[in-house]
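In UniProt numbering, the protein residues as written are 1 to 237.
Below: the structure, in structure tokens.
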Amino acid sequence: MMKVAGQASILSMACSASTQTIAVGTELENHAATIHLWDVRSNPSPKATYSEVHSDDVTSLAFHPSQPTMLVSGSTDGLVSVHDTTILDEDELTVQTLNHNASIHDAAFLNNTELFALSHDEMFALYDVADEKETGDAAQDFGDLRKVLGCQYVANVTTKVDGSGAILGAGAQDKENFELVFLAKAADGSWALDLANKVVLPGAHGSEIVRSFCFFDDEQVVFTTGEDGNVKAWRAG
1 MMKVAGQASI
11 LSMACSASTQ
21 TIAVGTELEN
31 HAATIHLWDV
41 RSNPSPKATY
51 SEVHSDDVTS
61 LAFHPSQPTM
71 LVSGSTDGLV
81 SVHDTTILDE
91 DELTVQTLNH
101 NASIHDAAFL
111 NNTELFALSH
121 DEMFALYDVA
131 DEKETGDAAQ
141 DFGDLRKVLG
151 CQYVANVTTK
161 VDGSGAILGA
171 GAQDKENFEL
181 VFLAKAADGS
191 WALDLANKVV
201 LPGAHGSEIV
211 RSFCFFDDEQ
221 VVFTTGEDGN
231 VKAWRAG
């Protein structure tokens, strides 16, 4: 059992199989929102704790796909930050900070140099975090996905393990509908949402919101969880 000091609720978690590290982010408590890192092979105490990275709840965490010591965090303070967890000094830990200007719901790397950020009010943008990029401005800003996708909410974004893009799960509880939309590179090198080939999960979770989804390409199966208390598995055909 791994232990977190204090009573702060854990709001986010990420795992790195290659380094056997678990990272968790907490809500703001006593003026601190904290990121804890554990080595699962070691003792129950965190191997690192960062309490000055964000000024509000840490709502999203994800490790880099090929550099597992790099961690991206998102917060309700509107910031998305990239951290080098090999650096012990917390003042030097953060290598890049991006201001999404809205409370972060989800953020993760799409590939080695690009990441996405999704806010709690469905504002979606992509950022290039390559070394030569210094401004932190969005490389592509999709704006409010509710208008782009014709949905009421976006549950989450799941990245493809091969770096080819991501799947966005968008729902409309009034229509009892949930759709999977692929984000991929277009011929000109920009990212685009493939609205023509979206996958519809008919009925979804009825009039209840779908909170999360994940997919398994090898098995061609999608799992969804909803506020109706159910976990559903979907397969084409």
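From the three backbone atoms N, C-alpha and C, an ideal C-beta is built for every residue, glycine too.
Here the structure is a predicted model, which is why all the values come from computation and not from measurement.
Out of the options, which one is the CA nearest neighbour of residue i?
{"i": "Asp128", "options": "His120, Leu37 and Asn111", "result": "Asn111"}
{"i": "residue 270", "options": "Ser190, Thr69, Tyr153 and Thr224", "result": "Residue 270 lies beyond the residue range present for the chain, which begins at 1 and ends at 237; the question has no answer from this structure."}
{"i": "Asp137", "options": "Asp228, Leu115 and Asn177", "result": "Leu115"}
{"i": "Lys47", "options": "Ala108, His54 and Asp39", "result": "Asp39"}
{"i": "residue 239", "options": "Phe182, Arg211, Val200 and Ser75", "result": "The requested residue 239 is not part of the displayed model; the chain covers only 1 to 237."}
Assuming residue i is part of the alpha helix (DSSP H), what are its boundary residues?
{"i": "Asp91", "result": "Glu90 to Leu93"}
{"i": "Leu149", "result": "Leu145 to Leu149"}
May I ask you to list the residues that DSSP assigns as paired with residue i?
{"i": "residue 285", "result": "Only positions 1 to 237 of the chain appear in this structure, which leaves residue 285 out of reach."}
{"i": "Phe223", "result": "Cys214 and Ala233"}
{"i": "Gln67", "result": "According to DSSP, which records beta bridges pairwise, Gln67 is partnered with nothing at all."}
{"i": "Ala139", "result": "In the DSSP output, where bridge partners are listed per residue, Ala139 has none listed."}
Buried or exposed: where does residue i fall if 16 or more other Cβ atoms within 10 Å of its Cβ makes it buried?
{"i": "Met13", "result": "exposed"}
{"i": "Gln173", "result": "buried"}
{"i": "Ile10", "result": "exposed"}
{"i": "Ala204", "result": "buried"}
{"i": "Thr224", "result": "buried"}
Answer yes or no: does any C-beta atom of chain B fall closer than 8 Å to that of residue i?
{"i": "Ser16", "result": "No chain B appears in this structure, which consists of one protein chain only."}
Are the beta-carbon atoms belonging to residue i and residue j less than 8 Å from one another?
{"i": "Ser45", "j": "Val58", "result": "no"}
{"i": "Val24", "j": "Asp106", "result": "no"}
{"i": "Leu180", "j": "Gly165", "result": "no"}
{"i": "Met123", "j": "Ala102", "result": "yes"}
Provide the residue span of the beta strand (DSSP E) that contains residue i, from first to last.
{"i": "Ser60", "result": "Val58 to Phe63"}
{"i": "Lys198", "result": "Trp191 to Pro202"}
{"i": "His54", "result": "Ala48 to His54"}
{"i": "Ala107", "result": "Ile104 to Phe109"}
{"i": "Asp128", "result": "Met123 to Asp128"}
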